[in-house]
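K.L.:
Below is a structure I'd like to ask you about.
In our numbering, the protein residues as written are -11 to 298.
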């Protein structure tokens, strides 16, 4: 993976001033509720730099990255989560892959998003339109992923994620995804919460928790202001005796490499190789998952095309 350098000095200084971002998992109310919290300001900004997304695209894809990171609390080891949306709205679809270790990558099917008219609110329902959401748990060693698919209900990612778990697993769930932009359109804070009832959770606890979640202080604003994600949870959910279960790192990362694309080029059919050599150079191949661009001169390409495949 090639990380695109973030060149905005003021933004870089702001990111450097923030606490280390990551993913924390808590138990609330004596283990009746599990809460996963993510702070991801640097991750979302690096995503924006690599994919060269505008404000709207950064908002939509940034939400999906945070969602993917939250969902990784459901897997362990080398397992990963794949969040996919196929829809009829202007974004066309989203694909985000996140590993249990905290690595995340993914892309918008339509970048930039083409709109008939500018958005006047943060209501994303018209961006999604009708469609489907699929969440897959890809477990190491398993022959097939464990997947579930539901129809989009609201065009609001957090609400549709909650609906997914209610429909597919009959589990009361809440998602809160938050991004804070400054007056220049820079992402100054980004984070999310994934709150899920455990088996046997008391109905009274759920009722109280639902009311609490309806009055949460702004998460991204708090992160932008320098609050540690763990402190946010402890303060916002102090009445539920939060107990930290585990903590982990996160980051924008992709296993793509120049060597991977070299192998791809060397294995192309002969007719495609001949067609490529008639084109312009350098030949640039882009990883759609992370936006990394790998360039090959004509001589490098010719050498790959004549390389013996092992």
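Note that CB positions come from ideal geometry on N, CA and C, so glycine has one too. In this text the structure is predicted, and so the values were computed from the model without any measurement.
Go through its chain and collect everything with a Cβ distance to residue 146's Cβ below 7 Å, but skip five positions before and after it.
P.N.:
Numbered from its first residue, the chain shown carries residue 146 at position 158. Only 163, 164, 165 meet the Cβ criterion.
K.L.:
For the putative contact between residue 101 and residue 44, defined by C-beta atoms under 8 Å, what is the C-beta separation to the nearest angstrom?
P.N.:
Counted from its first residue, the chain shown places residue 101 at position 113. Counted from its first residue, the chain shown places residue 44 at position 56. That pair is a contact at about 6 Å.
K.L.:
Under three-state DSSP, which class holds residue 193?
P.N.:
Residue numbering aside, residue 193 sits at position 205 when the chain shown is read from its first letter. In the structure shown, residue 193 sits in a helix (DSSP, three-state: H, G or I).
K.L.:
If you draw a straight line from the alpha carbon of residue 270 to that of residue 285, how long is it in whole angstroms?
P.N.:
By one-based count along the chain shown, residue 270 stands at place 282. By one-based count along the chain shown, residue 285 stands at place 297. Distance between the alpha carbons of residue 270 and residue 285: 5 Å.
K.L.:
What do you reckon, are the CB atoms on residue -8 and residue 37 nearer than 7 Å?
P.N.:
Stepping through the chain shown from its first residue, residue -8 is reached at position 4. Stepping through the chain shown from its first residue, residue 37 is reached at position 49. Going by C-beta atoms, residue -8 is nearer than 7 Å to residue 37.
K.L.:
On the premise that residue 125 lies in contact with residue 186, defined as a C-beta separation below 8 Å, what is that separation, rounded to the nearest angstrom?
P.N.:
Locating residue 186 in the chain shown gives position 198, counting from the first residue. Locating residue 125 in the chain shown gives position 137, counting from the first residue. 18 Å between Cβ atoms; not a contact.
K.L.:
Give the DSSP-derived three-state secondary structure of residue 264 in the structure shown.
P.N.:
The residue you call residue 264 lines up with position 276 of the chain shown. Note: residue 264 maps to helix in three-state DSSP.
K.L.:
Residue -2 by DSSP, collapsed to three states: which one?
P.N.:
Working through the chain shown from its first residue, we reach residue -2 at position 10. Three-state DSSP puts residue -2 in a helix.
K.L.:
Among residues of its own chain, excluding the 5 on either side of residue 87, which ones have a beta-carbon nearer than 7 Å to its beta-carbon?
P.N.:
Within the chain shown, the letter at position 99 stands for residue 87. Once the five neighbours on either side are set aside, the close Cβ partners of residue 87 are 60, 68.
K.L.:
How is residue 153 classed by DSSP in three states: helix, strand or coil?
P.N.:
Position 165 of the chain shown, counted from the first residue, corresponds to residue 153. In this structure, residue 153 counts as helix in the three-state DSSP scheme.
K.L.:
Just list the residues that DSSP pairs residue 218 with in beta bridges.
P.N.:
Counting from one through the chain shown, the residue named residue 218 turns up at place 230. DSSP, once it has assigned bridges, lists no residue as partnering residue 218.
K.L.:
Would you mind sorting residue 148 into buried or exposed? The rule is 16 or more other CB atoms within 10 Å of its CB.
P.N.:
Taking the chain shown and counting its residues from 1, the one referred to as residue 148 is at position 160. Per the 10 Å Cβ criterion, buried.
K.L.:
By how many angstroms is the C-alpha of residue 221 removed from the C-alpha of residue 256?
P.N.:
Residue mapping note: residue 256 aligns to position 268 of the chain shown, counting from 1. Residue mapping note: residue 221 aligns to position 233 of the chain shown, counting from 1. Roughly 51 Å separates the two Cα atoms.
K.L.:
Output the boundary residues of the beta strand (DSSP E) element that contains residue 65.
P.N.:
Reading the chain shown from its first residue, position 77 is the one you call residue 65. No beta strand (DSSP E) holds residue 65; DSSP gives it neither H nor E.
K.L.:
Pair every Cβ in the stretch 238 to 247 with every Cβ in the stretch 208 to 221, then say whether three or more of these pairs are closer than 8 Å.
P.N.:
As far as the Cβ criterion goes, the stretch 238 to 247 does not touch the stretch 208 to 221, which means the pair count is below three.
K.L.:
Of all the CB atoms in chain B, is at least one closer than 7 Å to the CB of residue 207?
P.N.:
Looking at the structure shown, chain B is missing, and only one protein chain is on hand.
K.L.:
Give a yes or no on whether the C-beta atoms belonging to residue 92 and residue 53 are separated by under 7 Å.
P.N.:
Stepping through the chain shown from its first residue, residue 92 is reached at position 104. Stepping through the chain shown from its first residue, residue 53 is reached at position 65. Contact: yes.
K.L.:
Who are the Cβ neighbours of residue 103 in its own chain at under 7 Å, not counting the five residues just before and after it?
P.N.:
Reading the chain shown from its first residue, position 115 is the one you call residue 103. Contacts found: 78.
K.L.:
Which residue comes first and which comes last in the beta strand (DSSP E) that contains residue 184?
P.N.:
By 1-based counting over the chain shown, the position of residue 184 is 196. Taken as a continuous stretch (DSSP letters only), the beta strand (DSSP E) holding residue 184 covers 175 to 185.
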